[in-house]
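Undergrad: Residue numbers (full-length UniProt numbering), protein chains in the order written: chain A, 1 to 315; chain B, 1 to 264.
Here's a structure for you.
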Amino acid sequence: MTWAIDLQNITREFTVRRPRRVVRAVDDLTLQVADGEAVGFVGANGAGKSTTIKMLTGILMPTRGTVRVLGRRPVPERRHLAREIGVVFGQRSQLWWDLPLRDSFAILGSMHRLAPSAQAARLARLVEGLDLAPFLDQPVRQLSLGQRMRGEVAAALLHSPRLVVLDEPTIGLDMISKEGLRRFLVEDRAERGTTLLLTTHDMADVERLCERIVVVSDGRTAYDGTLAGLRDSLRTPRELVVDLAAPLGVLELPEGAQTVAVEAGGIRHRIRFHAAEHSAAALLARITAQAEVADLSMAEPAIEDLVREIFARRP
Amino acid sequence: MPAYGTLAAATFRQYSTYRVATAAGVFTNSVFGLIRVSILLAALDASGQEIGGYTALQAATYVWLGQALLAPIEAFGTRTIGERVRTGEIAVDLLRPAPLLAVHLAQKVGRAGFLLLGRGLPPLLVGVLVTGLALPESPWSYPLGILSVALAILVSFLADAIVNLSAFWLVEMRGFQTLYMVVMNLLSGFLIPITWFPSWLESLARITPFPSMVQTPIDALSGRITPAEALVGIGLQILWAGILALVAQAMVRAGTRSLEVQGG
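Following this line, the structure appears as structure tokens:
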């Protein structure tokens with residue numbers, strides 16, 4: 001197995017002056033990401049996500065532990081690595097602020113030594129996929145946040161990197177911009193088989209883009225697996241909301257499932273159950289046997305809640 | 001590498017769009033040029049003879065060339081690199097597949113190219129109209145002068161970069177920057193030629209890189225020194241550029257090793 005990212009027991013400490021103390025931002029973290037994998041890297045503020053990203057891109061040395069990214073040591077080989085990875089820091093810009101967006105792509109393309117024809121083809125794909133055409137000739141400083149972020153992603157993907165690291169790429173974007181960005185990222189990964197590491201506070205990003213989720217807390221891995229597995233392992237209940245055609249006081253439910261609320265005079269029933277015990281379909285069949293269902297919806301537990309629960313359970 | 005050419009050209013274009021700023025800069029440079037010329041000419045008039053080897057026309061030429069170089073060498077300092085270190089944007093520069101200083105130098109070349117034309121030529125034109133300019137006797141003074149101007153821009157860029165790179169260790173660098181600006185404006189010979197200094201101060205100035213930024217290119221271009229002397233000055237400029245480049249590069253290396261990029 002070749003690892004795109006291989007972090008072995010990395011620790012990073014910062015010395016804070018006044019009062020003098022050592023803060024451990026990352027604490028003995030081990031993380032391996034296979035070639036082609038898409039990993040959501042999630043945690044509360046200050047959990048160590050950004051510090052980890054800085055270490056794996058080579059702009060920060062770990063205090064202890066070994067880091068290999070695409071087989072390279074990031075700090076000494078930072079500029080080599082920069083040719084093979086694409087990074088978006090949601091809070092920072094890699095575009096030239098006062099130049100038209102198009103110029104940034106021209107400069108980055110020649111920095112990455114792309115052949116002119118390959119660069120033109122790749123840029124055309126990015127312009128189309130991220131809908132950049134309307135503002136390609138505007139100076140970056142005039143772009144809206146959503147436009148600039150699409151530009152940032154295009155800049156990170158221009159050289160067709162093997163590994164893409166996105167640090168909060170959707171921060172501050174509206175729903176439509178977020179969705180457009182996610183759709184393109186999914187497409188581009190499908191076309192090129194890129195490895196993706198994504199940090200975000202928006203759990204919809206993880207659900208749409210990642211197969212695997214790694215939750216960090218206090219600089220350590222709190223969970224590593226699938227999103228569904230995370231839900232199951234925590235046994236966070238799912239919630240089924242059914243609206244009945246005619247009011248009904250009580251629904252007979254199998255053991256383990258329970259009605260938590262009856263609203264609108266018996267029309268709307270909120271039912272909680274565990275995925276491990278019941279399937280939503282079986283539950284629904286049981287309900288439709290008793291009453292006509294006019295409408296229904298499923299509420300998945302938000303990942304924020306899951307993460308909070310993991311943290312609460314940690315000793 | 002073509003990337004630097006692309007970056008320099010794009011920066012040149014960018015500056016060429018700042019027409020109002022350019023016009024305002026030209027106006028200011030020219031007005032201050034008139035003031036400085038009046039002062040120097042009054043001094044020469046009062047002394048009744050040459051001062052430090054300058055005739056009245058050479059002194060006026062000195063002022064106009066100084067005003068022309070002011071913008072291209074960015075005599076009042078820049079803040080870009082220091083700000084990027086302070087805010088953590090430097091992380092982005094470090095993630096580019098090109099050396100940090102080379103990327104910023106390419107931008108400087110584009111910027112200086114525009115500033116030479118847009119901010120450099122107009123004060124010279126004003127000088128021609130108001131006082132006239134002393135022209136060199138040897139045709140060699142022109143190519144040597146132009147080379148010396150280019151090297152002056154390089155030396156100024158590197159020294160300014162060193163000041164900015166101190167931001168890796170200093171959270172607040174404005175005081176240091178102001179100090180540097182005052183020392184540079186004096187010892188470079190921008191305010192008055194260093195040959196007018198008391199001899200101890202002139203000797204002090206001559207062991208610093210500052211005369212390479214203003215005194216040397218002006219003397220070479222105006223023909224106040226012979227082409228042979230200009231060649232010596234150019235040699236010194238090259239030497240200083242090398243030394244400052246090594247220092248700046250060492251600072252980048254040390255700074256990135258100790259770097260704790262600020263902010264998320």
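Every residue, glycine too, gets a C-beta built ideally from N, C-alpha and C.
(1) So Val87/A contacts chain B; which residues on that side make the cut at Cβ distance below 7 Å?
(2) Just to confirm before moving on: does the CB-CB distance between Ile59/A and Leu158/B stay below 8 Å?
(3) Check whether the Cβ of His201/A lies closer than 8 Å to any Cβ atom in chain B.
(4) Per DSSP, which residues does Thr30/A bridge with? Please list them.
(5) By DSSP, does Arg224/B sit in helix, in strand, or in coil?
(6) Do Arg21/A and residue 386/A come within 8 Å of each other at the CB atom, strictly closer than that value?
(7) May I ask you to report which of helix, strand or coil DSSP gives Met173/B?
(8) Classify Thr15/A as helix, strand or coil using the three-state DSSP reduction.
(9) Note down the Cα distance separating Gln32/A from Val164/A, rounded to an integer number of angstroms.
(10) Identify the residues that DSSP records as bridge partners of Asp205/A: which are they?
(11) Hey, how far is the Cα of Pro209/B from the Cα of Gly113/B?
(12) Using a Cβ-Cβ distance cut-off of 8 Å, determine whether Arg73/A contacts chain B.
(13) Name the residues in the segment 260-288 of chain A whose C-beta lies less than 7 Å from a C-beta of chain B; which are they?
(14) Thr57/A versus chain B: which residues are under 9 Å apart at the beta carbon?
(15) Going residue by residue through the segment 72-108 of chain A, where are the continuous alpha helix (DSSP H) segments of at least 4 residues, counting only ones entirely within it?
(16) Can you name, in chain order, every residue of its own chain whose Cβ lies under 6 Å from the Cβ of Gly263/B, other than the five neighbours on each side?
(17) Specify the secondary structure class of His269/A as computed by DSSP and reduced to three states.
(18) Would you call the CB atoms of Gln8/A and Gly65/A closer than 8 Å?
(19) Could you tell me which residues DSSP pairs with Glu239/A in its beta bridges?
(20) In three-state terms, what does DSSP make of Ala294/A?
(21) Per DSSP, Tyr54/B forms a beta bridge with which residues?
(22) Excluding five sequence neighbours on each side, which residues of the same chain lie with their C-beta closer than 8 Å to the C-beta of Asp232/A?
(23) Can you determine whether any heavy atom of the ligand COA sits closer than 7 Å to the C-beta of Asn164/B, and answer yes or no?
(24) Leaving out the 5 sequence neighbours to the left and right, which residues in its chain are closer than 6 Å to Pro122/B when beta-carbon positions are compared?
(25) Between which residues of its own chain and Glu255/A is the CB-CB distance below 6 Å, once the five residues before and five after are set aside?
(26) Within 8 Å of any Cβ in chain A, is that where the Cβ of Leu7/B sits?
(27) Within 8 Å of any Cβ in chain A, is that where the Cβ of Gln3/B sits?
(28) Can you list the residues of chain A that Gln14/B reaches, using a CB-CB cut of under 9 Å?
(29) Nearest to Glu172/B by alpha carbon, out of Val85/B, Arg13/B and Glu202/B?
(30) Have a look at Leu209/A and Gly145/B and give me their C-alpha separation to the nearest angstrom.
(31) Hey, quick one: how far does the alpha helix (DSSP H) through Val155/B stretch, first residue to last?
(32) Evaluate the contact criterion for the segment 239-256 of chain B versus the segment 154-168 of chain B: three or more CB pairs, one atom per stretch, below 8 Å.
(33) Going by the CB atoms, is the gap between Tyr180/B and Arg111/B shorter than 8 Å?
(34) Name the chain B residues that come within less than 8 Å of Arg310/A, Cβ to Cβ?
(35) Show which residues of chain A have a CB atom less than 9 Å away from the CB atom of Ala10/B.
(36) Assign Phe89/A to buried or exposed, taking buried as 16 or more other Cβ atoms, counted over all protein chains shown, within 10 Å of its Cβ.
TA: Reading from the atomic positions:
(1) Chain B residues near Val87/A: Leu95.
(2) No, these two residues do not count as a Cβ contact at 8 Å.
(3) False, the Cβ-Cβ gap to chain B never drops below 8 Å.
(4) Answer is none; Thr30/A lacks a bridge partner.
(5) Arg224/B carries a coil assignment under DSSP once its states are collapsed to helix, strand and coil.
(6) Residue coverage of chain A in this structure runs from 1 to 315, which leaves residue 386/A outside it and unanswerable.
(7) Coil, per DSSP.
(8) In this structure, Thr15/A counts as strand in the three-state DSSP scheme.
(9) Cα to Cα, Gln32/A sits roughly 15 Å from Val164/A.
(10) Answer is none; Asp205/A lacks a bridge partner.
(11) Approximately 22 Å, taken between the alpha carbons.
(12) At a cut-off of 8 Å between beta-carbon atoms, Arg73/A makes no contact with chain B.
(13) Here the close residues number zero.
(14) Within chain B, the residues whose beta carbon sits less than 9 Å from that of Thr57/A are Ala91, Leu94 and Leu95, listed in sequence order.
(15) Taken in chain order, the whole alpha helix (DSSP H) runs of length 4 or more contained in the segment 72-108 of chain A are 78-84.
(16) Any reading at Gly263/B needs caution, since the residue's pLDDT is 45, under 50, leaving its predicted position unreliable; the model's value is listed next. So the qualifying residues of the chain are Gly88.
(17) Here His269/A carries a strand assignment [DSSP, helix/strand/coil].
(18) Yes, Cβ-Cβ distance for Gln8/A and Gly65/A is below 8 Å.
(19) Looking at the DSSP assignment, Glu239/A forms a beta bridge with Arg272/A and Ala299/A.
(20) Correct three-state label for Ala294/A: strand.
(21) Answer by DSSP bridge pairing, in chain order: Ile51/B.
(22) So the list reads Ala275 and Ala276, once near-sequence residues are dropped.
(23) Because no ligand of any kind appears in the structure shown, any question about the ligand COA cannot be addressed here.
(24) Answer for Pro122/B: Val26, listed in chain order.
(25) Once the five neighbours on either side are set aside, Glu255/A has no close Cβ partner at all.
(26) Chain A contact via Cβ: present.
(27) Contrary to the premise, residue 3/B reads as Ala rather than Gln in this sequence. Chain A, which has a Cβ nearer than 8 Å to the Cβ of Ala3/B, makes this yes.
(28) Neighbours of Gln14/B in chain A, taken as residues at a C-beta separation under 9 Å, are given in chain order as Trp96, Asp98, Leu99, Pro100, Asp103 and Pro139.
(29) Nearest to Glu172/B by C-alpha distance, out of Val85/B, Arg13/B and Glu202/B, is Val85/B.
(30) Computed Cα separation, rounded: 60 Å.
(31) Unbroken alpha helix (DSSP H) run through Val155/B: Ser141 to Leu165.
(32) Three or more beta-carbon pairs drawn from the segment 239-256 of chain B and the segment 154-168 of chain B are found closer than 8 Å, and the two stretches are therefore classed as touching.
(33) Not in contact: Arg111/B and Tyr180/B (Cβ atoms no closer than 8 Å).
(34) One point to set straight first is that residue 310/A is Ile, not Arg, in the sequence displayed. Neighbours of Ile310/A on chain B: none; closest Cβ ~22 Å, over 8 Å.
(35) Result: Trp96, Leu99, Pro100, Asp103, Ser104, Ala106 and Ile107.
(36) Per the 10 Å Cβ criterion, buried.
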